Amino acid sequence: MRMAIGQTIEIVYLDRSGKISQRKIEVLAIRDGRIRATCLTAGAPRVFLLSNILAWHPARGKRYA
37 MRMAIGQTIE
47 IVYLDRSGKI
57 SQRKIEVLAI
67 RDGRIRATCL
77 TAGAPRVFLL
87 SNILAWHPAR
97 GKRYA
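For the sequence shown, the positions run 37 to 101 when this note's numbering is used.
Here's what the structure looks like:
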């Protein structure tokens, strides 16, 4: 996952209420089991727990900036 820093990836994420969502994020930093990212789906900065990411892959197509 460290290779994803600075990249746009798509994740399947389980939030604290148990809801599963698919998001496109731009990874800014990974530290202490957390990913600091810009969520391109929500258009806002977010922190994601690594343990709650169910799947991920590099984003395809247009890169958002």
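For every residue, glycine included, the Cβ atom is placed at its ideal position computed from N, Cα and C.
Here the structure is a predicted model, which is why all the values come from computation and not from measurement.
The beta carbons of I56 and W92 sit about 13 angstroms from each other, so the pair does not count as a contact at 8 angstroms.
By the beta-carbon neighbour count (other beta carbons within 10 angstroms, threshold 16), A65 is exposed. Here E62 really is in contact with A73; their C-beta atoms are around 6 angstroms apart, less than 8 angstroms. In this structure, the alpha-carbon of Q58 lies about 6 angstroms from that of Y49. Taking C-beta atoms under 8 angstroms as the contact rule, I71 and L86 qualify, at a distance of about 6 angstroms.
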